[in-house]
Amino acid sequence: MTTTTDATATGFAARTGSGECCTLSAGPVDTVDAERIASLLKALSDPTRLRLLSHVAAQGCESVCACDLTEPLGISQPTVSHHMKKLVDAGLLTREQKGRWAHYSVVPSAFAELRAFLDIA
């Protein structure tokens, strides 16, 4: 018997069946790694932060000005600043001040760490 969960709104689908087994490729994590990964996941647990992050990540290696995030997401500048600070504090983004505006870039190593942890074989 196979169970299928289809979340069409996000395009993700998960399948589990009686003959399949999932394990973490890297094995169990220690306390320090668990705390680090939990802080990354906590920062990602907010829908607004996920949307902001997706806009920054969509630019690849280019930095994104905070001024360019308010209109497409329909949120105020103070809200952008609040959520971007959480993402920077977690180590998912870097912030560089250019004039009066902050510019943000993705930290590839943070996402490599998350990918490694979530790599289920």
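Each residue of the sequence shown is one higher than the last, beginning at 1 in UniProt numbering. Quick reminder that beta carbons are idealized off the backbone N, C-alpha and C, glycines included.
- In summary, Ala112 is exposed, with fewer than 16 beta-carbon neighbours lying within 10 Å of its beta-carbon over all protein chains present.
- Assignment of Arg36 by DSSP, reduced to helix, strand and coil, places it in the helix class.
- For the set Leu41, Leu73, Thr31, the Cα lying nearest the Cα of Val56 is the one of Leu73.
- DSSP places Gln77 in the helix class (H, G or I) of the three-state scheme.
- Straight across, the Cα-Cα distance linking Glu62 with Ala110 is about 17 Å.
- A straight-line Cα-Cα distance of about 6 Å links Tyr104 and Leu93.
- Shown here, Cys65 sits in a strand according to DSSP, grouped into three states.
- Of the residues Val32, Ala34, Asp33, Leu53, the one whose Cα lies closest to the Cα of Lys86 is Leu53.
- Boundaries of the alpha helix (DSSP H) around Leu114: 108-118.
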